[in-house]
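See the structure below:
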């Protein structure tokens, strides 16, 4: 069995967190190919991404409270079964409509990985230790954008887009076996009343009425939404506008993953020397600076795809600093309902991501400017939420 203080647990939680990231990132190079094969508009093909995110957001509202009642392990197993089944349907789909529905179900089942990874961290850790643990998960999670688009592009060129979902099925199946035989339940005292309507309502009210919980959840969600805007628009912007070959598209994600790892490791080091609040502010400033740089590159076309990537790397670094601190702070006051809290944290994150993705798709005009504008808007909104709801004097 995997011990709570082992690196194996970090690797397992990182793989759980990466479950849905792989499902998104590996499919990105295939979006133009799906449009061609099914004779569907780019907007309709984008629904395979948007509906996945919506399924992810909705599923957390079920899986979080269920894990507070029955424990983390049985809900993880059930969610992985749903994910594997939906992924198989995706691989066999003969119409864009069936693929869209299967992706919705896939997101519903796959959300157990990230949401319960957060709950497990809160089961074992609190305070700065939780923030450092979330940073470790971010570093492991960065492997998904590092390798997923590259693998997806290679599978697309040498096999077909269906092979992408075969690989996702195998990954989830392996994770299922490891959890079934190696994961030790982290919830020591399940809440027998967690699924009762009155308790659910009170738990939701507790989270949403807390300035700390809601504020940091919005901070985390808005910070991630800039990444979703990039994920949604970049296949068309990079491949269609800048002429990047589909099999090379993943290389740009590899560069971003490096920035994500550096940001996560920087956060761990900074937290050893500085207060959480001060580190958080540095991250916020980096996201705004990165957003400005991205929009400037998109408007002027300076540097081409490389110019966009340079600005977005700075945004990613800031996000990797902000997100772990925000997640830890949001869950800190509610150890008795960590599953529900982690679910609401994820719902806010994915809801903000879906809105950002929809906005950049709706505004897309064949240029990179809408993508840059939405990314900067998310950064400015994050800073606005911080000063409106969470600002406190920085401590040494």
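Residue numbers (our numbering): 547 to 942.
All C-beta atoms, glycine included, are put in the ideal place defined by N, C-alpha and C.
| Can the beta-carbon of residue 715 be found less than 8 Å from the beta-carbon of residue 875? | no
| According to the neighbour-count rule (16 or more other Cβ atoms, all chains shown, within 10 Å of its Cβ), is residue 770 buried or exposed? | buried
| Should residue 695 go down as buried or exposed, given a rule of 16 or more other Cβ atoms within 10 Å for buried? | buried
| Span of the alpha helix (DSSP H) holding residue 828? | 822-846
| task | Return the chain-ordered ranges of every beta strand (DSSP E) run that is complete within the segment 584-621 and spans a minimum of 3 residues. | result | none
| field | Close Cβ partners of residue 940 (< 8 Å) along its chain, the five nearest in sequence each way excluded | value | Legend: pLDDT at residue 940 = 41, less than 50; position of this residue unreliable, value from coordinates given subsequently. Here the set comprises 821, 823, 824 and 827.
| said: For a test of the three-state rule: what should DSSP assign to residue 732, helix, strand or coil? | reply: coil
| Exposed or buried, which one is residue 594 when buried takes at least 16 other CB atoms within 10 Å? | buried
| Can you name, in chain order, every residue of its own chain whose Cβ lies under 7 Å from the Cβ of residue 884, other than the five neighbours on each side? | 665, 668, 669 and 877
| Spatial neighbours of residue 834 in its chain, beta-carbon cut-off 7 Å, leaving aside the 5 residues before and after | 925, 926 and 929
| Would the beta-carbon of residue 837 fall within 8 Å of that of residue 931? | no
| residue 742 versus 804, 903, 777 and 886, residue with shortest Cα-Cα distance | 886
| Under 8 Å, do residue 859 and residue 801 count as touching if we go by C-beta distance? | yes
| field | Meets three-Cβ-pair contact criterion under 8 Å: the segment 615-623 and the segment 721-734 | value | yes
| Taking DSSP as the reference, what is the three-state secondary structure of residue 931? | helix
| query | If you draw a straight line from the C-alpha of residue 659 to the C-alpha of residue 574, how long is it? | reply | 20 Å
| said: Mapping the DSSP letters down to three states, classify residue 791 as helix, strand or coil. | reply: coil
| field | Complete alpha helix (DSSP H) runs within the segment 651-685 (minimum length 4 residues, chain order) | value | 658-670
| message | Between which residues of its own chain and residue 605 is the CB-CB distance below 6 Å, once the five residues before and five after are set aside? | response | 654 and 657
| Starting from residue 751 and walking both ways along the alpha helix (DSSP H), at which residues does that stretch end? | 743-755
| message | Would residue 708 and residue 632 qualify as a contact pair, given that the criterion is a beta-carbon distance under 8 Å? | response | no
| field | Secondary structure of residue 640, DSSP reduced to three states | value | coil
| query | Among 890, 578 and 840, which has the Cα closest to the Cα of residue 764? | reply | 890
| query | Is residue 740 helix, strand or coil by DSSP? | reply | coil
| request: Assign residue 895 to buried or exposed, taking buried as 16 or more other Cβ atoms, counted over all protein chains shown, within 10 Å of its Cβ. | output: buried
| query | Can the beta-carbon of residue 784 be found less than 8 Å from the beta-carbon of residue 910? | reply | no
| said: Considering only the alpha carbon of each residue, which of 736, 693 and 553 lies closest to residue 572? | reply: 693
| request: Using a threshold of 8 Å, state whether the C-beta atoms of residue 793 and residue 618 are closer than that. | output: no
| task | May I ask you to report which of helix, strand or coil DSSP gives residue 559? | result | helix
| Looking only at its own chain, which residues have a Cβ that is under 7 Å from the Cβ of residue 854, when we skip the five neighbours before and after it? | 840, 843, 844 and 914
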